[in-house]
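Residue numbers (the working numbering), protein chains in the order written: chain F, 10 to 126; chain A, 163 to 310; chain E, 25 to 360. Each residue gets a CB set at the ideal place from its N, CA and C atoms; glycine is no exception. Notes to accompany the following structure.
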C-alpha cells in the first residue's frame with residue numbers, strides 16, 4: 010500500500026511538471042526552481058507535511074520535497090536558535106543532499122567524458 | 163514581408179496553426195509512470211535502510227545519496243538523458259533530475275578546466291535552485307519567527 | 025551587361041562555375057537517406073579529436089582539402105577561403121583553416137552561411153578578384169547543443185518543432201572557368217523579424233526571410249516560380265516549409281510542387297527521430313556540396329534555386345527576451 014501511494018503521488022507531481030513544460034514552454038531550470046520554492050512555501054504553511062505522511066517517498070523524492078525539507082529545517086532552527094535560525098536552518102537542512110550531489114557530480118566529471126546523443 | 167504589428171500577429175497565428183503540439187496526454191502518462199516508479203524506488207531504498215536500524219534522519223540522507231549517486235552514474239553513461247527523452251518531467255522533477263542537472267554540465271565543460279569549466283558550470287541549473295530555495299527558506303523562517 | 029539587377033539581386037556577367045564539392049559528415053548523417061552522396065562519413069563523432077570544437081575544425085579542414093583535391097587543384101591556387109559556422113566567434117572555421125595557409129574571410133550568417141559564402145565567392149570570381157575560391161560552412165551537433173542549449177547529458181524532451189543540428193562540413197570550389205553548373209544570379213536577403221520568440225521553432229522564425237528573398241528574386245529577375253526545377257531551402261524543416269508554402273501563396277506564387285528543404289531531405293524524420301528535421305550551417309552546406317551538386321552534374325536538376333536560411337539570434341538575446349530575426353540568401357545555380 011505504501012508503495013502504491015508513493016507511486017501515485019510521485020506520479021501526479023511529475024505530471025504537474027509535464028503540463029507546465031508542455032503548456033508554458035518554461036525551461037526545465039525554471040520548473041525546478043518553481044517546484045523547490047513551492048515546496049518550501051507549502052512546507053512553511055504546514056500543507057506539505059500531510060502529503061509526506063501519506064505518500065512517503067512519493068512526496069519527498071520529487072523536488073517540492075526538497076523545498077519542504079528546507080522549510081522544516083528553518084522552522085526547527087528558529088525553534089532552537091531563535092532569530093539566527095532564520096539564516097542557518099535552510100542551508101543546514103539541504104547540507105547533506107547538496108554535499109552528496111556536489112561530490113558525486115565532481116567525481117563524474119573526473120570519470121566521464123561527454124557523449125553524443 | 164509585412165513586418166508591421168498586425169502583420170506579425172497574423173503570422174504568429176499562422177505559426178500556431180501549423181506547428182504541431184507536444185502530445186500532452188501521452189507525455190503525461192509517461193511522466194506519471196516514470197516519475198512514480200522513481201519514487202517507488204526511493205521508498206524501497208528508504209525501507210531498506212530503515213530495516214538496517216539506521217534511524218529516520220540517516221535513512222533519509224542515505225536514500226537521497228543512493229538516488230543521486232545512481233542518477234549521476236546514469237548521466238555519466240549518457241543514459242539519463244535517454245530516459246528523460248521518454249519520461250520527460252518524470253525524470254526532471256524527482257531529486258534525480260537535480261543530480262542530473264549538476265553532473266551534466268560538469269561533464270560537458272570538463273574541457274574548459276576544473277575551476278571555470280567543471281567548477282562554475284556545475285551550478286548552471288542547480289545554482290538558481292539553491293538560490294531561490296535558500297531565499298524561500300529565509301522567508302519562511304522570518305514569518306515563522308514572528309508568528310510562532 | 026548590367027550586373028546589378030532589380031532592388032537586391034546580381035546577375036553575373038561571367039557566371040562562376042562550381043568545379044567541385046565535398047561533404048564530410050558525422051555518423052547520424054551517414055545513416056540518413058543522403059549517405060551515398062557524402063564523400064566522407066566519420067563513425068567517430070569526435071573525428072579523432074578530444075573536444076567537440078576541435079572535431080568541428082577537423083571536419084572543416086578535411087572538407088576544404090577534399091574539395092580542392094577533387095578539383096585537381098593545389099591549396100596554393102586557392103585565392104580565398106570563405107567559411108563560417110555556429111560556434112562563438114566562428115572558431116570552428118578559423119581553427120579549421122589555420123593550417124591551410126590561405127587568405128580567409130570568416131563569415132557569420134547562422135545557418136544561412138553557405139548561401140552567404142557562395143554569394144560572396146561568386147562576386148569575387150565574377151569581379152575578377154580571384155580565379156579559385158572555396159566557399160564552406162559547417163556545424164557540429166554536440167558543439168551547437170553546448171553553445172545554444174544545454175549540456176548533452178542533461179535530460180529533457182525535444183519539442184516537436186525543434187530541429188536537429190547536422191554534423192558536417194560542406195565545401196565547394198568556385199572557378200572562373202571549368203566544367204560544372206554555374207552560379208547565374210544571387211539575391212541577398214534582408215533581416216526579417218516577425219516576432220517569433222520560440223527557440224524551439226526556428227523554422228517559423230526563418231520562413232518569412234526565405235519567402236521575402238524568394239519574392240525579391242523572382243521580381244528582380246522577372247521570372248516566375250516554375251522557372252526552377254527545384255527550389256531548395258536550407259533548414260526550415262517540416263514546420264517552416266509548410267509556413268513558407270503558405271506565405272508564398274499569399275504573395276501569389278505556388279512553390280508547393282517544386283520546393284523542398286535540406287533539413288527534410290537529410291534525415292528520415294520518423295526513423296531517425298529528428299522531429300522537425302535537420303538544421304545548422306552544415307545542413308544546407310553538405311546537402312549542396314554532396315547531394316544537390318551530384319544531381320546538377322547528372323543533369324537531373326538543371327535549374328536550382330538554393331536558399332540557405334538562418335536564425336540570427338544568440339543565447340544572450342534569447343535570454344533577454346528578444347525575438348529571433350531570420351535571414352536567407354538565394355543562389356541560382358544552372359547548367360548552361
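Worksheet item: Listing by chain order, which chain A residues have their CB less than 9 Å from the CB of residue 84/F?
Response: One-based indexing of the first chain puts residue 84/F at position 75. Going along chain A in sequence order, the residues near residue 84/F (Cβ under 9 Å) are 302, 303, 306, 310.
Discussion item. So, with DSSP's three-state summary, where would you put residue 188/E?
Written reply: Along the third chain, read from residue 1 onward, the residue named residue 188/E stands at position 164. Looking at residue 188/E - three-state DSSP - the assignment turns out to be strand.
Worksheet item: Just checking, does the stretch 162 to 171 of chain E make contact with the stretch 12 to 26 of chain F on the three C-beta pairs under 8 Å criterion?
Response: Note that the stretch 162 to 171 of chain E does not touch the stretch 12 to 26 of chain F; fewer than 3 beta-carbon pairs, one per stretch, sit closer than 8 Å.
Worksheet item: Is any beta-carbon of chain A found at less than 7 Å from that of residue 56/F?
Response: Stepping through the first chain from its first residue, residue 56/F is reached at position 47. No Cβ of chain A is located within less than 7 Å of the beta carbon of residue 56/F.
Practice prompt. With DSSP as the reference, label residue 64/F as helix, strand or coil.
Written response: As a first step, residue 64/F is located in the first chain; it is residue number 55 there, counting from the start. Helix.
Practice prompt. Taking only beta carbons into account, state which residues of the stretch 159 to 175 of chain E come closer than 9 Å to chain F, listed in chain order.
Written response: Cβ proximity to chain F below 9 Å picks out 165, 166, 169, 170, 174, 175 from the stretch 159 to 175 of chain E.
Discussion item. Taking a contact to mean a Cβ-Cβ separation below 7 Å, would you say residue 48/F touches residue 77/F in this structure?
Written reply: Within the first chain, numbered from 1, the residue matching residue 48/F stands at position 39. Within the first chain, numbered from 1, the residue matching residue 77/F stands at position 68. Residue 48/F is a Cβ neighbour of residue 77/F, given a cutoff of 7 Å.
Worksheet item: Secondary structure at residue 97/F, three-state DSSP: helix, strand or coil?
Response: Numbered from 1 along the first chain, position 88 holds the residue referred to as residue 97/F. Correct three-state label for residue 97/F: helix.
Fill in: N-terminal and C-terminal residue of the alpha helix (DSSP H) that residue 356/E is part of
Along the third chain, read from residue 1 onward, the residue named residue 356/E stands at position 332. Taken as a continuous stretch (DSSP letters only), residue 356/E belongs to no alpha helix (DSSP H), being part of the beta strand (DSSP E) at 350 to 358.
Worksheet entry | Contact list for residue 222/E against chain F, beta-carbon separation under 7 Å | In the third chain, counting from the first residue as 1, residue 222/E sits at position 198. What residue 222/E touches in chain F: 34.
Worksheet item: Applying a beta-carbon distance threshold of less than 7 Å, which residues of chain F neighbour residue 69/E?
Response: Taking the third chain and counting its residues from 1, one reaches residue 69/E at position 45. The answer, in chain order, is 125.
Worksheet item: Using a Cβ-Cβ distance under 7 Å, would residue 93/F count as near chain A?
Response: Position 84 of the first chain, counting from 1, holds the residue named residue 93/F. Chain A contact via Cβ: absent.
Item to complete: Provide the residue span of the beta strand (DSSP E) that contains residue 129/E, from first to last.
Response: Within the third chain, numbered from 1, the residue matching residue 129/E stands at position 105. In the DSSP annotation of this structure, the continuous segment of the beta strand (DSSP E) that includes residue 129/E starts and ends at 128 to 131.
Worksheet entry | Residue from 200/E, 351/E, 311/E with nearest C-alpha to residue 40/E | The sequence position of residue 40/E within the third chain is 16, counting from 1. Answer by Cα proximity: 200/E.
Fill in: Residues within the stretch 15 to 39 of chain F neighbouring chain E, beta-carbon criterion of under 8 Å
Of all residues in the stretch 15 to 39 of chain F, those with a C-beta nearer than 8 Å to a C-beta of chain E are 30, 34, 37, reading in chain order.
Worksheet item: residue 331/E and residue 226/E look like a contact to me (Cβ under 8 Å); what is the Cβ gap, rounded to whole Å?
Response: Sequence index remark: in the third chain, residue 331/E carries index 307 (1-based). Sequence index remark: in the third chain, residue 226/E carries index 202 (1-based). Residue 331/E to residue 226/E, Cβ: 15 Å. No contact.
Worksheet item: How about residue 61/F: is its C-beta nearer than 7 Å to some C-beta of chain A?
Response: Position 52 of the first chain holds residue 61/F. Answer no: the Cβ-Cβ gap between residue 61/F and chain A never drops below 7 Å.
Discussion item. The alpha helix (DSSP H) that contains residue 194/A, what's its start and end?
Written reply: Taking the second chain and counting its residues from 1, one reaches residue 194/A at position 32. It spans 186 to 213 - the alpha helix (DSSP H) in which residue 194/A sits, taken as one unbroken run.
Worksheet item: If we ignore side chains and look at the alpha-carbon of each, how far apart do residue 55/E and residue 111/F end up?
Response: Here residue 55/E refers to the residue found at position 31 when the third chain is read from its first residue. Here residue 111/F refers to the residue found at position 102 when the first chain is read from its first residue. Each residue's alpha carbon lies about 38 Å from the other.
Worksheet entry | Coarse secondary structure for residue 80/E, derived from DSSP in three states | As a first step, residue 80/E is located in the third chain; it is residue number 56 there, counting from the start. Helix, per DSSP.
Worksheet item: So, helix, strand or coil for residue 32/F, using DSSP?
Response: Position 23 of the first chain, counting from 1, holds the residue named residue 32/F. If DSSP states are grouped into helix, strand and coil, residue 32/F belongs with the helices.
Practice prompt. Note down, in chain order, every chain A residue with its Cβ under 7 Å from the Cβ of residue 232/E.
Written response: Here residue 232/E is taken as the residue at index 208 of the third chain, counted from 1. Listed along the chain, the chain A residues whose CB falls inside 7 Å of the CB of residue 232/E are 163, 173.
Worksheet item: Considering residue 330/E, what are the terminal residues of the beta strand (DSSP E) in which it resides?
Response: Counting from one through the third chain, the residue named residue 330/E turns up at place 306. For residue 330/E, the enclosing beta strand (DSSP E) starts and ends at 327 to 331.
Item to complete: Evaluate residue 27/F with the Cβ neighbour count: other Cβ atoms within 10 Å of its Cβ, from every protein chain shown; 16 or more gives buried, anything less gives exposed.
Response: To locate residue 27/F, count along the first chain from 1; it is residue 18. The residue is buried, with at least 16 neighbouring Cβ atoms inside 10 Å.
Practice prompt. Taking residue 240/A as the query, report the chain E residues whose CB atoms sit under 9 Å from its CB, ordered along the chain.
Written response: Counting from one through the second chain, the residue named residue 240/A turns up at place 78. Residues of chain E passing the Cβ test: 176, 177.
Worksheet item: Between the Cα of residue 290/A and the Cα atoms of 119/F, 42/F, 83/F, 50/F, which residue gives the shortest distance?
Response: As a working note, residue 290/A is residue 128 in the second chain. The shortest C-alpha separation from residue 290/A is found at 42/F.
Discussion item. Here's the rule: buried if 16 or more other CB atoms are within 10 angstroms of the residue's CB, otherwise exposed. What is residue 242/A?
Written reply: Reading the second chain from its first residue, position 80 is the one you call residue 242/A. Counting the other CB atoms within 10 Å of its CB gives residue 242/A a total of 16 or more, which places it among the buried residues.
Worksheet item: When you compare only the Cα positions, how much space is there between residue 203/E and residue 135/E?
Response: On the third chain, position 179 is the one that residue 203/E refers to. On the third chain, position 111 is the one that residue 135/E refers to. A direct Cα-Cα distance of roughly 28 Å separates residue 203/E from residue 135/E.
Practice prompt. Measure the CB-CB distance between residue 168/E and residue 189/E and report whether it falls below 7 Å.
Written response: Looking up residue 168/E in the third chain gives position 144. Looking up residue 189/E in the third chain gives position 165. Yes, the pair counts as a contact, with Cβ atoms nearer than the cut-off.
Worksheet item: Taking just the CA atoms, how far does residue 266/A sit from residue 115/F?
Response: Taking the first residue of the first chain as position 1, residue 115/F is located at position 106. Taking the first residue of the second chain as position 1, residue 266/A is located at position 104. Each residue's CA atom was taken as its position, placing residue 115/F and residue 266/A some 10 Å apart.
Fill in: For residue 48/E, three-class secondary structure by DSSP
Along the third chain, read from residue 1 onward, the residue named residue 48/E stands at position 24. It is a strand residue.
Worksheet item: Any beta-carbon of chain F closer than 7 Å to the one on residue 180/E?
Response: Here residue 180/E refers to the residue found at position 156 of the third chain. For residue 180/E, at least one C-beta of chain F is nearer than 7 Å to its own C-beta.
Worksheet item: What is the residue span of the alpha helix (DSSP H) that residue 102/E lies within?
Response: For the purposes of this step, residue 102/E is taken as the residue at position 78 of the third chain. Here residue 102/E belongs to no alpha helix (DSSP H), and DSSP marks it neither H nor E.
Discussion item. Output needed in chain order: residues of the stretch 243 to 264 of chain A with a Cβ under 8 Å from some Cβ in chain E.
Written reply: Look at the stretch 243 to 264 of chain A: the residues with a C-beta under 8 Å from a C-beta of chain E are 243, 245, 246, 247, 250, 253, 254, 259, 262, 263.
Worksheet item: Can you tell me where the beta strand (DSSP E) with residue 252/E in it begins and where it stops?
Response: By one-based count along the third chain, residue 252/E stands at place 228. Counted as a single uninterrupted DSSP element, the stretch harbouring residue 252/E is not any beta strand (DSSP E), since DSSP gives it neither H nor E.
Worksheet item: Span of the beta strand (DSSP E) holding residue 181/A?
Response: Counting from 1 along the second chain, the entry for residue 181/A is found at position 19. Looking at the DSSP string, residue 181/A is not in any beta strand (DSSP E), and its letter there is neither H nor E.
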